[in-house]
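Going down the list, the protein sequences come from chains A and B. What the first sequence shows, in the numbering used here, is residues 2 to 232, in sequence order. What the second sequence shows, in the numbering used here, is residues 2 to 232, in sequence order. To start, the structure under review is shown below, and the notes come after it.
Protein chains: 2
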Amino acid sequence: MKVVLARDLLKVNADLAAENRRAFERQGITVINLIGSPGAGKTTLLEKSLPFLTREAAVAVVEGDIATTRDAERIERLGVPVVQINTGGSCHLDAQMVASAVAELPMTKLDLVLVENVGNLVCPAAFDLGEQAKVAVLSVTEGNDKPAKYPRVFREAAAVIITKADLIPHTDFDLAFCRSELAALGSQAQVFVTSAAKEQGFAEGAAWLLKVRRGWRGVPGHSLSSCRSQL
Amino acid sequence: MKVVLARDLLKVNADLAAENRRAFERQGITVINLIGSPGAGKTTLLEKSLPFLTREAAVAVVEGDIATTRDAERIERLGVPVVQINTGGSCHLDAQMVASAVAELPMTKLDLVLVENVGNLVCPAAFDLGEQAKVAVLSVTEGNDKPAKYPRVFREAAAVIITKADLIPHTDFDLAFCRSELAALGSQAQVFVTSAAKEQGFAEGAAWLLKVRRGWRGVPGHSLSSCRSQL
Chain A
2 MKVVLARDLL KVNADLAAEN RRAFERQGIT VINLIGSPGA GKTTLLEKSL PFLTREAAVA
62 VVEGDIATTR DAERIERLGV PVVQINTGGS CHLDAQMVAS AVAELPMTKL DLVLVENVGN
122 LVCPAAFDLG EQAKVAVLSV TEGNDKPAKY PRVFREAAAV IITKADLIPH TDFDLAFCRS
182 ELAALGSQAQ VFVTSAAKEQ GFAEGAAWLL KVRRGWRGVP GHSLSSCRSQ L
Chain B
2 MKVVLARDLL KVNADLAAEN RRAFERQGIT VINLIGSPGA GKTTLLEKSL PFLTREAAVA
62 VVEGDIATTR DAERIERLGV PVVQINTGGS CHLDAQMVAS AVAELPMTKL DLVLVENVGN
122 LVCPAAFDLG EQAKVAVLSV TEGNDKPAKY PRVFREAAAV IITKADLIPH TDFDLAFCRS
182 ELAALGSQAQ VFVTSAAKEQ GFAEGAAWLL KVRRGWRGVP GHSLSSCRSQ L
C-alpha cells in the first residue's frame, strides 16, 4: 500500500517534470539540480562559481530550504536573480515547486538556472525537477564512503563536486578511494575538487558547466550522454 | 491530496510507534533515535560511546542505512549486538522497520538500544520509532546555521551532540551562535561537544544517557521532560 501511494506521487511528479523539461528546452534554458547533504557547501559553491558563470551566461538561482531565506540572501548579495522556495517541512524540491519558482524569474532572458535542492542526499534524487543534469556535492568531511551509502544521487549525477578539500589533511578522506566508489556505481561523472578557503576548483567546474550548456544549446532533445562524448 | 496521503502514512506509523513504545516500556528498555546528516559522525559517536555505556548497561545497536552493511560491521567489531536495516531507498527508518529489527535482538537481556537512523536531517524527524528520546548529531563542518534550517529535529532532540570539534579552528563554526540558534527554537537540549580525533566528550555524553536511563527505569510512563528537571 505504502509503495503504491509513493509511486502515485512520483508519477504525478514525473509528469510535471516532463512539462518543465519541455518548457526549458523550448526556452533554451539549461537547468541544473544541485544535491548534497546539509552543510556540504552547496551555497558556497554557488557563491564561488557564479562570478565565473555570469561572465558568459545569464544565470539565475532557485534556493530550496525547509525554512529561512538565508541562502537566497547570500545569492542576492551577488546581484544574481534568486527565488527562495521554503518547503515547509518537505525533504526535497518537486517539479511543481520549481515550476512555481521559475514563474517568478525573467526566463526569456536567462541561459542557465541553478537549483539548490534541500540539504539531503536521499529524497531529492528521487524527484525529477525537469533539470537537464543533476550535480552532486560532497564535502571531504562527510567521508569517502558516501557514494556507496547513498548510491542513487551519485549514480545519476553528471558531475560530483568535492568541497572543503583544504580539510583533507585533517580527515581520513581519500580521493582515490572515493573515485573507486563512484566507479563501482557505474558513475561516469566528471569530478571536481574544490576549496572555498583556497579559492580552488571553481573555475574548472564553471567551465565544465558552460561547455555542457553549449553542447545542449540549439540542439533540442540533445541528451547529456551525447554531450559527454563531445567533451 | 498529497498531504492527505502523507498524513495517512504518518498515522499508520504513529500507531506502530506507540505499540513499540509500550513494548519497550514493558521490557524496561530505553530506546534512543540518533539523527544526523550523512557523514555527521553518528557511527563514530557510537564506536566512541559504547565502551562507556557497556560498562553499566546491556546495550545493542540498530543501524539504518539505504545500502551497505558497513556501519553494522564497525559496531560488530566492538562485540555489541547489532542489526542492520537496509531501507532500500527509503530516506528514514519507520516504526515497522524498527519492530522487525528489535525482534532479532535479545530484548529480555537489554537495557538500552541505540538506533542510528538513515543519514538525513529532515525525514527521520517526522517518523516516530517508539523511542524515548531523539538525539541530534551535528558536525562542526556542517555550519552553525543548521538548527534554524532544519528546525524540527533540533527542536525535538533531548540532546545535541556536536562532533568533529577538533576541526573548529579550520571552520567558521561558532558554538555560542549555534547554542543561540538552538535557544531560538525553544530547544532545551543538553549539548555535548565531542572530538573523536581528540577522544573528547564521549564519557560525558554517555554519562548523561545512563542518567536519563536511570530516570526512566522502573517509572513506566515517566517522561523525558520530568527526567530533565531531575538532572
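Glycine included, each C-beta is placed from N, C-alpha and C at the ideal position. A quick note: this is a predicted structure, and the numbers were derived from the prediction, not measured.
- Within the region 59-74 of chain B, the residues whose Cβ lies closer than 9 Å to any Cβ of chain A are, in chain order, 66, 67, 68, 69, 71, 72.
- Taking a contact to require three or more Cβ pairs closer than 8 Å, the region 111-127 of chain A and the region 52-62 of chain A qualify as touching.
- Counting only the Cα atoms, residue 28(A) lies some 45 Å from residue 168(B).
- Neighbourhood of residue 149(A) in chain B, by CB distance below 9 Å: 68, 69, 71, in chain order.
- Annotation for residue 17(A): 96, 97 place their beta carbon closer than 6 Å to its own, counting only its chain and skipping 5 residues before and after.
- The beta carbon of residue 166(A) sits closer than 8 Å to those of 141, 194, 195, 196, 199, 201, 202, all from its chain and outside the five residues before and after it, given in chain order.
- Taking each of 173(B), 172(B), 171(B), 190(B) in turn and checking the Cα distance to residue 180(B), the smallest one comes out for 190(B).
- Taken through DSSP and simplified to helix, strand or coil, residue 117(A) comes out as strand.
- The alpha-carbon separation between residue 118(B) and residue 36(B) amounts to approximately 6 Å.
- Residue state for residue 66(A) is assigned as strand, using DSSP reduced to three classes.
- A direct Cα-to-Cα measurement between residue 192(B) and residue 84(B) gives close to 28 Å.
- Only those residues of the region 25-40 of chain A whose C-beta falls short of 8 Å from the nearest C-beta of chain B are listed: 38, 39, 40.
- Taking the CA atoms as reference points, residue 55(B) sits about 56 Å from residue 105(A).
- With the rule of 3 Cβ pairs closer than 8 Å, the region 132-147 of chain B does not count as touching the region 69-84 of chain B.
- In the structure shown, residue 174(A) adopts coil according to DSSP, grouped into three states.
- Under the three-state reduction of DSSP output, residue 139(B) falls in the strand class.
- For the region 132-146 of chain A, the set of positions with a beta-carbon nearer than 7 Å to some beta-carbon of chain B reads 140, 142, 143, 144, 146 in chain order.
- Note that the C-beta distance between residue 100(B) and residue 21(B) is below 8 Å.
- In this model, residue 130(B) and residue 14(B) are separated by some 8 Å (Cα to Cα).
- Any Cβ of chain A closer than 8 Å to the Cβ of residue 119(B) would place that residue at the interface, and such an atom is present.
- In this structure, the straight-line span from the alpha carbon of residue 23(A) to that of residue 34(A) is close to 16 Å.
- Taking C-alpha positions only, residue 159(A) is separated from residue 210(B) by approximately 43 Å.
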